[in-house]
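Residue numbers (UniProt numbering): 1 to 502. Glycine included, each C-beta is placed from N, C-alpha and C at the ideal position. The structure presented is a predicted model; accordingly, all values stated were derived computationally and were not measured.
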């Protein structure tokens, strides 16, 4: 194997490891929450913040993390994010109070907000558009799905075997591997861009606005949608994000260049991502509840039952890498969305009190997961179409923000839907009826996402010229490239020499 091939494979390994770890920590603590409460003395409301602190910091800082990578270099932000994430994981594993654990989870979220955009940007920069990038994006999608599914299983196994602290400390070896891989990849630490400045006002407004938006949505789990706290938080978020848009239109070096969204593929990718995540995240949550509260699965059994979902995502991603060139991003994304919606409709139909694994879980899981797996490659391709190398972090941060906000929005709305259908009942049949209603809404969201992709994205090949951003002072890059493919020792196909064929 040549040095170029070795370096680029290490780079891909780092990107996939980071994506896996960030997704893992979204779900790994869920099963351990009861043990955390008993050991540290959490209140029921305080326990929610073990999950929410990570989600808030992660969702609120994603755009800033992506822009920092553009300005200061992927290697610097990657290293800083890994060190911060690892230190927070250690602090969480050693926490002796509820406040200490919540603070550690918040710092983990800050580290994840730096890492997630970098992981996506590294793939976009290292692999040129075409079959090589499609395969790399397919692997990236698999890593995220595997992290989410393995997190549920690992949380149960680690908690049963070694206690809740193990779910925090498990990140140590993963961080260590990623740091070694960053060195072995040949990713060079280029000088920071001297002609690029951080948009401080935009960063503060985007961070505060997005954080308040996620916070307002998260609060609906304890406060009514019409409560003063919920409406006040969401209203403040809308106000700050509106001011953010105004500031970005006038900024010389914006955090989010408005011209980036003038390209139809980029804008459509983010709209579709928002809709897909709204249904996907909520469905994942309700399937877990259905298995544990209706079918009476234990935590470990529920985790094992999620494994076919991961297998389906892998299969769907493999299909996507081989068909994206023939079908195009629009048709492939629509096909995946419709298939995932069909699987969610299957969950809705079979979510009954006397349901069984084969027809209530396995069948719908495979159909839904294959469809979701088919979406990752065209979604990533569309989100980086006609994006300049020095703005891949910006585009990545935007896509990840759409995913996080969409997931929070979908979960908040659908928890309310399920609760209204369930009412005061707590029998398995009552709970199943509420979950079924939520699954129907999830299926509807993914159907809308598929239709948007089918109408607005190209059927074959790259985006049409009309969908590309116009050249000119408003849309041209604000500074010369700081990160480009010269940052890497080589660029190869992640699947090896055979990958010259789609």
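Span separating the alpha-carbon of residue 452 from that of residue 236: The count along the chain shown starts at 1 and reaches residue 452 at position 452. The count along the chain shown starts at 1 and reaches residue 236 at position 236. Using only the alpha carbons, I get a separation of about 29 Å.
Own chain residues within Cβ distance below 6 Å of residue 203, not counting five before or after: Here residue 203 corresponds to residue number 203 of the chain shown, with the count starting at 1. Within the same chain, residue 203 has close Cβ partners 64, 255.
Every unbroken alpha helix (DSSP H) inside the segment 285-367 [4 residues or more]: Qualifying alpha helix (DSSP H) stretches, in chain order: 299-305, 307-350.
Environment of residue 83 [buried if 16+ CB atoms lie within 10 Å]: Taking the first residue of the chain shown as 1, we reach residue 83 at position 83. Taking a 10 Å sphere around the C-beta of residue 83, we find fewer than 16 other C-beta atoms and assign the residue as exposed.
Given 8 Å, three or more beta-carbon pairs between the segment 402-413 and the segment 233-250: no
Three-way DSSP call (helix, strand, coil) for residue 265 in this model: On the chain shown, residue 265 is found 265 positions in, with the first residue counted as 1. Helix, per DSSP.
Beta-carbon gap between residue 277 and residue 413 smaller than 9 Å: Here residue 277 is taken as the residue at index 277 of the chain shown, counted from 1. Here residue 413 is taken as the residue at index 413 of the chain shown, counted from 1. Not closer than 9 Å, so no.
Limits of the alpha helix (DSSP H) - the one that residue 171 falls within: Against the chain shown, residue 171 aligns to sequence position 171. Unbroken alpha helix (DSSP H) run through residue 171: 171-184.
Any non-hydrogen atom of the ligand ZN within 8 Å of residue 336 CB: Absence of the ligand ZN from the depicted structure is noted, as is the absence of any ligand whatsoever, leaving it without description.
Span separating the alpha-carbon of residue 270 from that of residue 450: For this step, residue 270 is matched to residue 270 along the chain shown. For this step, residue 450 is matched to residue 450 along the chain shown. Using only the alpha carbons, I get a separation of about 13 Å.
Local Cβ density within 10 Å of residue 354, reported as buried at 16 or more and exposed below that: On the chain shown, residue 354 is found 354 positions in, with the first residue counted as 1. Counting Cβ neighbours within 10 Å, residue 354 comes out exposed, since fewer than 16 surround it.
Nearest neighbour of residue 10, chosen from 178, 382, 253 [CA to CA]: Along the chain shown, read from residue 1 onward, the residue named residue 10 stands at position 10. With distances taken between Cα atoms, residue 10 lies closest to 178.
Below-9 Å beta-carbon distance, residue 93 vs any chain D residue: Among the chains in the structure shown there is no chain D, since it carries only a single protein chain.
Cutoff 6 Å; reference residue 124; Cβ partners in own chain excluding five residues on either side: Against the chain shown, residue 124 aligns to sequence position 124. The residues are 384, 392.
Cβ neighbour criterion (16 or more within 10 Å) applied to residue 158: Reading the chain shown from its first residue, position 158 is the one you call residue 158. Residue 158 is buried by the Cβ-count criterion.
Residues near residue 287 in its chain [Cβ-Cβ closer than 7 Å; skip 5 each side]: The residue you call residue 287 lines up with position 287 of the chain shown. The residues are 347.
Per-residue burial, residue 422 [other beta carbons within 10 Å of its own, 16 or more giving buried]: To locate residue 422, count along the chain shown from 1; it is residue 422. Flag for residue 422 reads buried.
Contact under 9 Å by Cβ, residue 122 with residue 85: Indexing the chain shown from 1 puts residue 122 at position 122. Indexing the chain shown from 1 puts residue 85 at position 85. No, these two residues do not count as a Cβ contact at 9 Å.
Sequence-distant residues of its chain with Cβ nearer than 7 Å to residue 504 (five each side left out): Nothing can be reported for residue 504, as the shown portion of the chain is limited to 1 through 502.
Residue 23 - DSSP class collapsed to helix/strand/coil: Along the chain shown, read from residue 1 onward, the residue named residue 23 stands at position 23. It is helical.
Residue 362 vs residue 428 beta-carbon contact at 9 Å: Mapped onto the chain shown, residue 362 falls at position 362. Mapped onto the chain shown, residue 428 falls at position 428. Cβ atoms of residue 362 and residue 428: not closer than 9 Å.
Length of the line joining the Cα atoms of residue 166 and residue 102: For the purposes of this step, residue 166 is taken as residue 166 along the chain shown, with counting starting at 1. For the purposes of this step, residue 102 is taken as residue 102 along the chain shown, with counting starting at 1. Roughly 16 Å separates the two Cα atoms.
Limits of the alpha helix (DSSP H) - the one that residue 258 falls within: The sequence position of residue 258 within the chain shown is 258, counting from 1. No alpha helix (DSSP H) holds residue 258; DSSP gives it neither H nor E.
The segment 363-379 contacting the segment 306-322, beta-carbon criterion three pairs below 8 Å: Contact holds: three or more Cβ-Cβ distances are below 8 Å.
For residue 35 and residue 332, the rounded distance between their alpha carbons: In the chain shown, residue 332 corresponds to position 332, counting from 1. In the chain shown, residue 35 corresponds to position 35, counting from 1. Near 43 Å, if we compare the C-alpha coordinates of residue 35 and residue 332.
Among 132, 98, 445, 69, the one whose alpha carbon lies nearest that of residue 198: Position 198 of the chain shown, counted from the start, is the residue given in the question as residue 198. Nearest of 132, 98, 445, 69 to residue 198, Cα basis: 69.
Short Cβ contact (9 Å threshold) for residue 19 with residue 163: For this step, residue 19 is matched to residue 19 along the chain shown. For this step, residue 163 is matched to residue 163 along the chain shown. No, these two residues do not count as a Cβ contact at 9 Å.
Helix, strand or coil at residue 34 [DSSP, three-state]: Start at 1 with the first residue of the chain shown, and residue 34 comes out as number 34. Here residue 34 sits in helix by DSSP.
Nonlocal neighbours in the same chain, by C-beta distance under 6 Å from residue 181, ignoring five residues either side: Position 181 of the chain shown holds residue 181. So the list reads 10, 13, 14, once near-sequence residues are dropped.
6 Å Cβ shell around residue 359 - same chain, five flanking residues per side excluded: Taking the chain shown and counting its residues from 1, one reaches residue 359 at position 359. Within the same chain, residue 359 has close Cβ partners 350.
Alpha helix (DSSP H) segment containing residue 120, residue limits: The sequence position of residue 120 within the chain shown is 120, counting from 1. Counting along the chain, the alpha helix (DSSP H) containing residue 120 begins and ends at 98-126.
Exposure of residue 455, with buried meaning 16 or more beta-carbon neighbours within 10 Å: Sequence index remark: in the chain shown, residue 455 carries index 455 (1-based). In this structure residue 455 is exposed. Its beta-carbon is surrounded by fewer than 16 other beta-carbon atoms within 10 angstroms.
Length at least 4, wholly inside the segment 416-458: the alpha helix (DSSP H) runs in chain order: 428-456
Anticipated Cβ contact below 8 Å, residue 344 with residue 275, distance rounded: Your numbering for residue 344 matches position 344 in the chain shown. Your numbering for residue 275 matches position 275 in the chain shown. With a Cβ gap of about 13 Å, residue 344 and residue 275 do not count as contacting.
C-alpha distance - residue 6 paired with residue 186, whole-angstrom precision: By 1-based counting over the chain shown, the position of residue 6 is 6. By 1-based counting over the chain shown, the position of residue 186 is 186. Whole-angstrom Cα-Cα distance: 9 Å.
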